[in-house]
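Asker:
Numbering (UniProt numbering), first residue to last: 1 to 297.
1. By the DSSP assignment, the alpha helix (DSSP H) with residue 27 in it spans what residues?
2. Tell me, to the nearest whole angstrom, how far the beta carbon of residue 164 is from that of residue 131; I am working on the premise that it is less than 8 Å.
3. Of all the options 11, 49, 197, which has the alpha carbon lying nearest to the alpha carbon of residue 217?
4. Please determine if the region 23 to 39 and the region 206 to 215 are in contact, where contact requires at least 3 C-beta pairs separated by less than 8 Å.
5. For residue 86, report the span of its alpha helix (DSSP H) as first-last.
6. Kindly list the residues whose CB is nearer than 8 Å to the CB of residue 299, restricted to its own chain and excluding five residues on each side of it in sequence; keep chain order.
7. Compute the distance between the beta-carbons of residue 100 and residue 44, then report whether it is under 8 Å.
8. Reducing DSSP to helix, strand and coil, say where residue 154 ends up.
9. Please identify the residue among 81, 39, 22 whose C-alpha is closest to the C-alpha of residue 93.
10. For the putative contact between residue 40 and residue 194, defined by C-beta atoms under 8 Å, what is the C-beta separation to the nearest angstrom?
11. Please classify residue 245 as buried or exposed, where buried requires at least 16 neighbouring CB atoms within 10 angstroms.
12. Which ranges would you report for the beta strand (DSSP E) in the UniProt domain "EamA" (151 to 281) if only whole runs of at least 3 residues count?
13. Within 10 angstroms of the Cβ of residue 206, are there 16 or more other Cβ atoms? Answer buried if so, exposed if not.
14. Rounded to whole angstroms, what's the CA-CA distance from residue 82 to residue 6? Just pull it up for me.
15. Do you know offhand how far residue 248's Cα is from residue 174's?
16. Whole angstroms is fine: what's the gap from residue 77's alpha carbon to residue 108's?
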């Protein structure tokens, strides 16, 4: 039996802290920028770093047949996701936002059933129901509840974008690798947000506002993805996916430290239910492949 590689703890911590900081830092930046210009400014910073990395590494250029998929990933997973995320965080607390976005694996599984002919077990559907119950509990404690256009429904739309992005980029990662795929997608997303960049620049905010933009552009947009690609490369997708359950607790802690945000009881209860449902789906939601007779022999 081949022993498991040790988990690269520093890379895990770097990824989780980088991604978790996005939630409270976006809330700190929203008083200075409108949601869409904030997304444009953030990814302008990320794109500058990505271009430097691409110039050094000179990876394989995307094949012509893959360009539509790259465009869809950049449009849905970067541009639209961040517009919805920033808009939702105007009213939804950072902790609640992270818990609502934790439904992305559950939404991805449902989408795979509907569009990719994948199957869910009874446990998978039960996990979906449990997760949805948690979403209702979280949403009922946020301004606007689950009404159309409320912060909660906008954040759920962002989670759907994340789930769609996960399904779309899967074959690209297999073909080009996680870092190269992410780099091209970030560039495309930044390009699609470019029309709103002048609005961000013309707001004439002080250095504090642009410092927050720099944090968002460097840490969750670049460092988080790079560190996580290293984690996945060391321990594989299956083992690394379980570590993502630490993201929401990390976000709750950082939100308290940075913006003194204390989650209400509904958010905590709903979040635990969401994570339990997603965990159930991830572990037992998909049928195990049947061994062929010659494999079993």
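Note that CB positions come from ideal geometry on N, CA and C, so glycine has one too.
Answerer: This is what the structure gives:
1. In the chain shown, counting from the first residue as 1, residue 27 sits at position 27. Residue 27 -> alpha helix (DSSP H) spans 9 to 29.
2. Within the chain shown, residue 164 is the residue found at index 164, counting from 1. Within the chain shown, residue 131 is the residue found at index 131, counting from 1. The pair is not a contact, with the Cβ atoms about 17 Å apart (cut-off 8 Å).
3. Against the chain shown, residue 217 aligns to sequence position 217. Among 11, 49, 197, the Cα nearest to that of residue 217 is on 49.
4. The region 23 to 39 is in contact with the region 206 to 215.
5. Here residue 86 refers to the residue found at position 86 of the chain shown. 81 to 88 is the extent of the alpha helix (DSSP H) around residue 86.
6. Given a span of 1 to 297 for the chain in the structure shown, any question on residue 299 remains unanswerable.
7. Taking the first residue of the chain shown as 1, we reach residue 100 at position 100. Taking the first residue of the chain shown as 1, we reach residue 44 at position 44. Residue 44 sits away from residue 100, with the two beta carbons spaced by 8 Å or more.
8. Here residue 154 is taken as the residue at index 154 of the chain shown, counted from 1. DSSP, read as helix, strand or coil, puts residue 154 in helix.
9. Mapped onto the chain shown, residue 93 falls at position 93. With distances taken between Cα atoms, residue 93 lies closest to 22.
10. Mapped onto the chain shown, residue 40 falls at position 40. Mapped onto the chain shown, residue 194 falls at position 194. About 7 Å separates the two Cβ atoms, so the contact holds.
11. The residue given as residue 245 occupies position 245 in the chain shown. Counting Cβ neighbours within 10 Å, residue 245 comes out exposed, since fewer than 16 surround it.
12. The UniProt domain "EamA" (151 to 281) contains no whole beta strand (DSSP E) run of 3 or more residues.
13. As a first step, residue 206 is located in the chain shown; it is residue number 206 there, counting from the start. Within 10 angstroms of the beta-carbon of residue 206 lie fewer than 16 other beta-carbons, which makes it exposed.
14. Taking the first residue of the chain shown as 1, we reach residue 82 at position 82. Taking the first residue of the chain shown as 1, we reach residue 6 at position 6. Cα to Cα, residue 82 sits roughly 34 Å from residue 6.
15. Along the chain shown, one-based indexing puts residue 248 at 248. Along the chain shown, one-based indexing puts residue 174 at 174. The alpha-carbon atoms of residue 248 and residue 174 are separated by roughly 27 Å.
16. Residue numbering aside, residue 77 sits at position 77 when the chain shown is read from its first letter. Residue numbering aside, residue 108 sits at position 108 when the chain shown is read from its first letter. Distance between the alpha carbons of residue 77 and residue 108 is about 13 Å.
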